[in-house]
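J.: Residues 46 to 651 (our numbering) make up the first sequence, in order. Even glycine gets a Cβ: it sits at the ideal position worked out from N, Cα and C. Predicted model, so just to flag it, every value in this text is computed and none were measured.
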Amino acid sequence: MFPKSLATSRNISNFIQKFSGLSRLCSSSVTIAGSPCSPRYDVSVIADLIEKQHWSKLGFHVKDINPNELFQQLMSSELDPDLCLRYYTWLVKNRNISVSLELTFKLLHSLANAKRYSKIRSFLDGFVRIGSDHPVHSILHAISMCDNVCVNSILADMLVLAYANNSRFELAFEAFKRSGYYGYKLSALSCKPLMIALLKQNRSADVEYVYKEMIRRKIQPNVFTFNVVINALCKTGKMNKARDVMEDMKVYGCSPNVVSYNTLIDGYCKLGGIGKMYKADAVLKEMVENKVSPNLTTFNILIDGFWKDDNLLGSMKVFKEMLDQNVIPNIITYNSLINGLCSGGKISEAIGMHDKMASAGVQPNLVTYNSLINGFCKNNMLKEALDMFDSVKGQGTVPTTRTYNMLIDAYCKLGKIDDGFTLKEEMEREGIVPDIGTYNCLIGGLCRNGNIEAAKKLFDELTSKGLPDLVTFHILMEGYCSKGESRKAAMFLKEISKMGLKPRHLTYNILMKGYCREGNLKAATNMRTQMEKERGLRMNVASYNVLLQGYSQKGKLEDANILLNEMLEKGLVPNRTTYEIVKVEMVDKGFVPDIEGHLFNVSTKS
DNA sequence: ATAGGGTTAG
46 MFPKSLATSR NISNFIQKFS GLSRLCSSSV TIAGSPCSPR YDVSVIADLI
96 EKQHWSKLGF HVKDINPNEL FQQLMSSELD PDLCLRYYTW LVKNRNISVS
146 LELTFKLLHS LANAKRYSKI RSFLDGFVRI GSDHPVHSIL HAISMCDNVC
196 VNSILADMLV LAYANNSRFE LAFEAFKRSG YYGYKLSALS CKPLMIALLK
246 QNRSADVEYV YKEMIRRKIQ PNVFTFNVVI NALCKTGKMN KARDVMEDMK
296 VYGCSPNVVS YNTLIDGYCK LGGIGKMYKA DAVLKEMVEN KVSPNLTTFN
346 ILIDGFWKDD NLLGSMKVFK EMLDQNVIPN IITYNSLING LCSGGKISEA
396 IGMHDKMASA GVQPNLVTYN SLINGFCKNN MLKEALDMFD SVKGQGTVPT
446 TRTYNMLIDA YCKLGKIDDG FTLKEEMERE GIVPDIGTYN CLIGGLCRNG
496 NIEAAKKLFD ELTSKGLPDL VTFHILMEGY CSKGESRKAA MFLKEISKMG
546 LKPRHLTYNI LMKGYCREGN LKAATNMRTQ MEKERGLRMN VASYNVLLQG
596 YSQKGKLEDA NILLNEMLEK GLVPNRTTYE IVKVEMVDKG FVPDIEGHLF
646 NVSTKS
């Protein structure tokens, strides 16, 4: 029923002593009948009612008593914490009474002392979900009211986990940080979902922070948490740090597994720059040396990495290698290969791969179709694209907005604007909503056809709906510039800001290019000043290229040379376009393109 | 805990 200790005289006198202080608050329900004074009801009766869940009786029994005070009384009377919890739930849910944080966590402390962990977990789950929204610092303060650090750590840990499980990631992070200030030791169990959530929000630095804190607070990470950290570092290109964490793993008695290696390989694949695939390959060798076998994911990562590094042959070699090792390709393997072949303009090979996957019994999906349709569109095979589109619809697969956009763009690029609009109407009939990309394709088509008025009209319709994005502006501005109306184009800068968008380098580069084409170098230079002074955007290589082109075309080679020097002094690296514009000057300065077109400086290369 | 696609500007 209730703890024996409740019956001890010490507890009862304690109870009465505390309660008598409240007698003024609820004098009608308490009779002080001489000595020893006792209330008209006692805890045992209430405990019994809670136990039997006779809520209406209980409600009647305590109707004149301040519920918060009674709850406090029950808590200090060492009533079974389970019963306290039951009473608490009834108070909050049925009587709509809010209990103070201090009292709430007093309850959780006693539940923790009684090792009722799963009850605490589900309690906290509801507590953070319904979001009585107490500030995290108040909650941790309430936790700290008890001086058992172990119990407090458990509660703080469960709090972080509850926040993370209920998608309240910011609060989970805050609770994690504050737990550190109190010296509470959390577990890897709650750190993992927190780190995953932070990673999903691309907060790599915060993942790294949590990891470092774990080490500092002596929370033992496991393979999973290590892999999440490695992934976070790889996603932000911090490959050296990722490798360091790999080394840390060994120190903490964890061995990198296939996921750790795959993550690292993918990190190198997605890194920019020359020679990254060499490094990816080196990791592959390393994992094999360490007796970790590459799996399907490993091969898929490498296949994708190679063709994106303009090395389709590399992708095909990996594909062959995986077949040799009896690793069965899946839909991701085939889609990546088809996409690679399409991007390399090898359409017939892509179709061949599509057939191959069918005979291997792998069903193509929308990703496959979109890759092929895109490949057709970009390679002047609109008819094939439309055929595939029809067969997709014929088999009941619903194309996406982007499927339509690719086709609409293909029509527009062929100058068939009307067909583009017809397709847009068709998608609307099918219940697929055109997005800003759809409109951008159409506006671009109108501009290229020289029909800037129609483009502007469509743009105005979008503006009234607040739809245009920066790309829309770029397309329209480019349209005006190519008509020799760069001044009109420049007026859109104000509109861009009005819509709450931020001009970028490209925005100004389009305008500078327009002015240069009109031979108005002064206006182009003004644009540069505006970009740098008003926007704080420093000239990038593309900006320099635009101005260099302008100066060269006007025969102002000396000015071009000054500009080029300025660019080099800033440490900007000229690219192929730079070289093509000011070849003579570049050669004078010792720049030579290599066989692949990458520039290198002969004079600095010793 | 790791892997794939799709438009518009460049």
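(1) With a threshold of 7 Å on Cβ separation, who are the neighbours of residue 308 within its own chain once the five nearest residues in sequence on each side are excluded?
(2) Do you know whose CA, among 369, 385, 258, lies nearest residue 352's CA?
(3) In chain order, what are the residue ranges of uninterrupted alpha helix (DSSP H) at least 4 long that sit wholly in the region 479-550?
(4) From what residue to what residue does the alpha helix (DSSP H) around residue 462 run?
(5) Who are the Cβ neighbours of residue 576 in its own chain at under 6 Å, not counting the five residues just before and after it?
(6) Please list the terminal residues of the continuous alpha helix (DSSP H) segment that includes residue 198.
(7) Kindly list the residues whose CB is nearer than 8 Å to the CB of residue 456, restricted to its own chain and excluding five residues on each side of it in sequence; keep chain order.
(8) Quick check on this structure: which residue in 398, 359, 405 has the alpha carbon closest to the alpha carbon of residue 373?
(9) Taking 8 Å as the cut-off, decide whether the C-beta atoms of residue 207 and residue 251 are in contact.
(10) Pick helix, strand or coil for residue 575, following the three-state DSSP scheme.
(11) Check whether the region 365-372 and the region 402-421 touch, using three or more Cβ-Cβ pairs below 8 Å as the test.
(12) Grab me the residues of residue 211's own chain with a C-beta within less than 8 Å of its C-beta, minus the 5 sequence neighbours each way, in chain order.
(13) Our contact map puts residue 413 next to residue 380 with C-beta atoms below 8 Å; I'd like the distance itself, whole angstroms only.
(14) Nearest by alpha-carbon distance to residue 268: which of 244, 608, 303 is it?
(15) Should the region 526-543 be called in touch with the region 551-569, which here means at least 3 C-beta pairs below 8 Å?
(16) At 3 residues or longer, and completely inside the region 557-620: list those beta strand (DSSP E) runs for me, N to C.
(17) Could you check the C-alpha separation between residue 358 and residue 616 for me, to the nearest Å?
(18) When burial is assigned at 16 or more other CB atoms within 10 Å of the CB, is residue 630 buried or exposed?
(19) Helix, strand or coil, according to DSSP, for residue 391 in the structure here?
(20) Measure the CB-CB distance between residue 349 and residue 314 and report whether it falls below 8 Å.
(21) Using the beta-carbon count (16 or more within 10 Å), is residue 162 buried or exposed?
(22) Can you name the start and end residues of the alpha helix (DSSP H) that residue 127 belongs to?
(23) Which of the three DSSP states is assigned to residue 415 in this structure?
(24) Where residue 514 and residue 477 are concerned, what is the direct C-alpha to C-alpha distance, given to the nearest angstrom?
(25) Give the straight-line distance between the Cα atoms of residue 329 and residue 164, rounded to the nearest whole angstrom.
(26) Ordered along the chain, which non-local residues of its own chain (more than five positions away) have a Cβ less than 6 Å from that of residue 266?
(27) Once the 5 residues before and after residue 53 are set aside, which same chain residues still bring their CB inside 6 Å of it?
T.: Taking the definition as stated:
(1) The residue given as residue 308 occupies position 263 in the first sequence. 272, 275, 276, 279.
(2) The count along the first sequence starts at 1 and reaches residue 352 at position 307. Between residue 352 and the set 369, 385, 258, the nearest pair of CA atoms involves 385.
(3) 481-493, 497-509, 515-527, 531-535, 537-543
(4) The count along the first sequence starts at 1 and reaches residue 462 at position 417. 462-474 is the extent of the alpha helix (DSSP H) around residue 462.
(5) For this step, residue 576 is matched to residue 531 along the first sequence. These residues qualify, in order along the chain: 553, 582.
(6) Indexing the first sequence from 1 puts residue 198 at position 153. The continuous alpha helix (DSSP H) containing residue 198 extends over residues 194-210.
(7) Here residue 456 refers to the residue found at position 411 of the first sequence. These residues qualify, in order along the chain: 427, 462, 464, 465, 468, 490.
(8) Position 328 of the first sequence, counted from the start, is the residue given in the question as residue 373. Residue 373 has its Cα closest to that of 405, out of 398, 359, 405.
(9) For this step, residue 207 is matched to residue 162 along the first sequence. For this step, residue 251 is matched to residue 206 along the first sequence. Cβ atoms of residue 207 and residue 251: not closer than 8 Å.
(10) Counting from one through the first sequence, the residue named residue 575 turns up at place 530. Residue 575 falls in the helix class under three-state DSSP.
(11) no
(12) Locating residue 211 in the first sequence gives position 166, where the first residue counts as 1. If we look at residue 211 and ignore the five residues flanking it on each side, its Cβ neighbours are 170, 173, 174.
(13) To locate residue 413, count along the first sequence from 1; it is residue 368. To locate residue 380, count along the first sequence from 1; it is residue 335. Between residue 380 and residue 413 the Cβ distance is about 5 Å, and since that is below 8 Å, they are a contact.
(14) For the purposes of this step, residue 268 is taken as the residue at position 223 of the first sequence. Taking only the C-alpha atoms, the option nearest residue 268 is 303.
(15) yes
(16) Segments of the beta strand (DSSP E) lying fully in the region 557-620: there are none.
(17) Position 313 of the first sequence holds residue 358. Position 571 of the first sequence holds residue 616. When rounded, the distance between both Cα atoms is 35 Å.
(18) For this step, residue 630 is matched to residue 585 along the first sequence. Here residue 630 is buried, its C-beta having at least 16 other C-beta atoms within 10 Å.
(19) Numbered from 1 along the first sequence, position 346 holds the residue referred to as residue 391. If DSSP states are grouped into helix, strand and coil, residue 391 belongs with coil.
(20) Position 304 of the first sequence holds residue 349. Position 269 of the first sequence holds residue 314. Cβ distance < 8 Å, so residue 349 and residue 314 count as in contact.
(21) Looking up residue 162 in the first sequence gives position 117. It is exposed - the Cβ of residue 162 has fewer than 16 other Cβ atoms within 10 Å.
(22) What you label residue 127 is simply residue 82 of the first sequence in a count that begins at 1. In the DSSP assignment, residue 127 falls within the unbroken alpha helix (DSSP H) covering 126-139.
(23) Start at 1 with the first residue of the first sequence, and residue 415 comes out as number 370. Of the three classes helix, strand and coil, the one that applies to residue 415 here is helix, per DSSP.
(24) Residue 514 sits at position 469 when you count from the first residue of the first sequence. Residue 477 sits at position 432 when you count from the first residue of the first sequence. Between residue 514 and residue 477, the C-alpha separation is close to 20 Å.
(25) On the first sequence, residue 329 is found 284 positions in, with the first residue counted as 1. On the first sequence, residue 164 is found 119 positions in, with the first residue counted as 1. Residue 329 and residue 164: Cα-Cα distance of roughly 47 Å.
(26) The sequence position of residue 266 within the first sequence is 221, counting from 1. Result list for residue 266: 233, 259, in chain order.
(27) As a position in the first sequence, residue 53 is number 8, starting the count at 1. At residue 53, the pLDDT of 37 sits below 50, so the modelled position is not reliable; the number obtained from the coordinates is stated separately. Result list for residue 53: empty, nothing under 6 Å.
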